[in-house]
Amino acid sequence: AQSVAQPEDQVNVAEGNPLTVKCTYSVSGNPYLFWYVQYPNRGLQFLLKYITGDNLVKGSYGFEAEFNKSQTSFHLKKPSALVSDSALYFCAVRDQIDRGSTLGRLYFGRGTQLTVWP
Amino acid sequence: DAGVTQSPTHLIKTRGQQVTLRCSPKSGHDTVSWYQQALGQGPQFIFQYYEEEERQRGNFPDRFSGHQFPNYSSELNVNALLLGDSALYLCASRSTGKSYEQYFGPGTRLTVT
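Those protein sequences? They're chains A and B, same order as listed.
Residues 4 to 121 in our numbering are what the first sequence lists, from first letter to last.
Residues 3 to 115 in our numbering are what the second sequence lists, from first letter to last.
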């Protein structure tokens, strides 16, 4: 079964400093990995995905994520944090109904609350 | 181009009642999934609809049912509401065969008293 772990409930960082939000995964087969962000009283916004290819994936708002197969990790990073980055971040992994199908469900972690202070 | 829309925004129901939530997918999308997000938790998959059929279902009781219409919009129905059904219900859509990411609506906040 697929699963995702976000080991930190909360990450605090000063504005301008680099940030990392951690995610590890467990899947059978090739991992399809995603990061989403959720602002208060809002739905989830897609940030980036890893399907195949380069281990460093670039996404929206200056975020990037590093896929590490040996460590089964997909950490979210940003070189310089902004106060407006403060939000709840979710890592997710997708399964497939069957090989070659593009249907599939997302399995989410519990989320990490990122707070960037001025 | 409208994104995923959901209605209503908020809903308060009494235990034992029934509720229907609605979702219109992003333009060009044909697959709709529903997720339940309890307070302090990540979203949990309820089910997914494609070509008006339920294609996959998560670990939710039969009280949770759904429907997809020919225009790809979808409904989530919950019968015999329990206090534990209080949550944010998220609808997500995608275009099958074209992309892997799902786009989420703003959600419907259901409170069961």
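No residue lacks a Cβ here, since even glycine has one placed at the ideal position from N, Cα and C.
This structure is a prediction, so every number in the text was calculated from the model and none was measured.
Residue nearest to L59 (chain A) in terms of C-alpha spacing, selected from A:F70, A:W120 and A:S83: On the first sequence, position 56 is the one that residue 59 (chain A) refers to. Comparing Cα positions, the closest option is A:F70.
Local Cβ density within 10 Å of V96 (chain A), reported as buried at 16 or more and exposed below that: Walking along the first sequence from the start, residue 96 (chain A) turns up at place 93. By the 10 Å Cβ count, V96 (chain A) comes out buried.
Cβ-based contacts, 8 Å cut-off: residues of the stretch 48-69 of chain B near chain A: Q50, Y52, R57, Q58 and G60
6 Å CB neighbourhood of Q5 (chain A) in its chain, flanking five on each side removed: As a position in the first sequence, residue 5 (chain A) is number 2, starting the count at 1. Excluding residues within five positions, the ones whose Cβ falls inside 6 Å are V30, V96, D98 and Y110.
Where E103 (chain B) falls, given that 16 or more other Cβ within 10 Å makes a residue buried: As a position in the second sequence, residue 103 (chain B) is number 101, starting the count at 1. That one is buried.
N- and C-terminal bounds of the beta strand (DSSP E) containing I48 (chain B): Position 46 of the second sequence, counting from 1, holds the residue named residue 48 (chain B). Looking at the DSSP string, the run of the beta strand (DSSP E) that includes I48 (chain B) is Q46 to Y52.
Backbone secondary structure at G86 (chain B) - three-state DSSP: Within the second sequence, residue 86 (chain B) is the residue found at index 84, counting from 1. Helix.
Where the beta strand (DSSP E) containing R24 (chain B) begins and where it ends: Position 22 of the second sequence, counting from 1, holds the residue named residue 24 (chain B). First-last of the beta strand (DSSP E) with R24 (chain B): V21 to S26.
CB contact below 8 Å: Q43 (chain B) versus chain A: Sequence index remark: in the second sequence, residue 43 (chain B) carries index 41 (1-based). It does: the Cβ of Q43 (chain B) has a partner Cβ on chain A nearer than 8 Å.
Pairwise C-alpha distance: G109 (chain B) and Y74 (chain B): Stepping through the second sequence from its first residue, residue 74 (chain B) is reached at position 72. Stepping through the second sequence from its first residue, residue 109 (chain B) is reached at position 107. For Y74 (chain B) and G109 (chain B), the distance between alpha carbons rounds to 17 Å.
For A95 (chain A), the first and last residue of its enclosing beta strand (DSSP E): Numbered from 1 along the first sequence, position 92 holds the residue referred to as residue 95 (chain A). Segment A90 to R97, the beta strand (DSSP E) holding A95 (chain A).
Helix, strand or coil at S29 (chain A) [DSSP, three-state]: As a working mapping, residue 29 (chain A) is identified with position 26 in the first sequence. Three-state DSSP puts S29 (chain A) in a strand.
Chain-order list of residues whose beta-carbon lies under 7 Å from that of Q116 (chain A) (same chain, five-residue window excluded): Counting from one through the first sequence, the residue named residue 116 (chain A) turns up at place 113. Cβ neighbours of Q116 (chain A) beyond the five flanking positions: D12, Q13 and L91.
Rounded distance between the beta-carbons of R17 (chain B) and V114 (chain B), thought under 8 Å: In the second sequence, counting from the first residue as 1, residue 114 (chain B) sits at position 112. In the second sequence, counting from the first residue as 1, residue 17 (chain B) sits at position 15. Between R17 (chain B) and V114 (chain B) the Cβ distance is about 6 Å, and since that is below 8 Å, they are a contact.
Under 7 Å by beta carbon: chain B residues contacting L85 (chain A): Sequence index remark: in the first sequence, residue 85 (chain A) carries index 82 (1-based). Chain B residues near L85 (chain A): none, gap ~22 Å exceeds 7 Å.
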